[in-house]
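Data block below; observations after.
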Amino acid sequence: MRQQAVLSENLINNLTLIMAQNFSKPTSSSCCQSCPFFEDYQDEGGRGWCHAFNQSARRHHPKTHDCELISMEPPKTVKVQLHSKAVEEDCGYAVPVDSVVIDLKVNEITRNAIETALQSLFDLSEWVVADFWQPELESVF
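If you're matching positions, the sequence shown starts at 142 in my numbering and goes up one per residue.
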């Protein structure tokens, strides 16, 4: 009976230690704020944007295993040319009323990843992605 009580007590102590290790307050190096994909909004709420998963995040959020896998490769900067969906006629051709080129950080350079990242930044109902490219691959004439 005594051995069983000692074993139970040891088991409870070990579980308590494991829970304390797993649920302890994360250090700054294991939080979003130290991640290269995290864009800090510098507000008092600790809010920011996770470019790895294209979603809102907070400085104090702990890094997950998925974060560790993705953080091996930093985000890529791409230039994205947007055309307005509104068009006007010019010599019989439909021409966009407005066009803009923006810089955007994404994990992979695909149309889907770019559109997902753009949708999180602003309403795309009036814009369409016309083109995208890596700035370091631009040629200088």
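Positions of the beta carbon are idealized from the N, C-alpha and C atoms, including for glycine.
*Hey, W274 and V219 are a contact pair by Cβ (cut 8 Å); roughly how many whole angstroms apart?*
Mapped onto the sequence shown, residue 274 falls at position 133. Mapped onto the sequence shown, residue 219 falls at position 78. Contact holds; Cβ gap of about 7 Å.
*Are V242 and L259 closer than 9 Å when you measure CB to CB?*
Reading the sequence shown from its first residue, position 101 is the one you call residue 242. Reading the sequence shown from its first residue, position 118 is the one you call residue 259. Not closer than 9 Å, so no.
_Sequence-distant residues of the same chain with beta carbon closer than 8 Å to E214, five excluded per side_ = Residue numbering aside, residue 214 sits at position 73 when the sequence shown is read from its first letter. The answer, listed in chain order, is N248.
*Once you ignore the five residues that flank E229 on each side, which residues in its own chain have a CB closer than 7 Å to its CB?*
The residue labelled residue 229 in the question sits at position 88 within the sequence shown. Within the same chain, E229 has close Cβ partners V236 and V238.
*Mind checking which residues open and close the beta strand (DSSP E) that includes D272?*
In the sequence shown, the residue the question calls residue 272 occupies position 131. Run containing D272: W268 to W274, per the beta strand (DSSP E) assignment.
*Would you grab the beta carbon distance between H201 and G187 for me? Rounded to a whole angstrom, and I think it's under 8 Å.*
Working through the sequence shown from its first residue, we reach residue 201 at position 60. Working through the sequence shown from its first residue, we reach residue 187 at position 46. Going by Cβ atoms, the distance from H201 to G187 rounds to 6 Å, so yes, they are a contact pair.
*Presumed contact (8 Å Cβ cut-off) between C172 and A193, rounded CB distance*: The residue you call residue 172 lines up with position 31 of the sequence shown. The residue you call residue 193 lines up with position 52 of the sequence shown. Their Cβ separation, rounded to whole angstroms, is 14 Å, which puts C172 and A193 out of contact at 8 Å.
_Distance between beta carbons of K217 and I250, contact taken as under 8 Å_ = Your numbering for residue 250 matches position 109 in the sequence shown. Your numbering for residue 217 matches position 76 in the sequence shown. Right, their Cβ atoms sit about 6 Å apart.
*Where DSSP assigns a beta bridge to V236, which residues make up the other side?*
For the purposes of this step, residue 236 is identified with residue 95 of the sequence shown, where counting begins at 1. Answer by DSSP bridge pairing, in chain order: E229.
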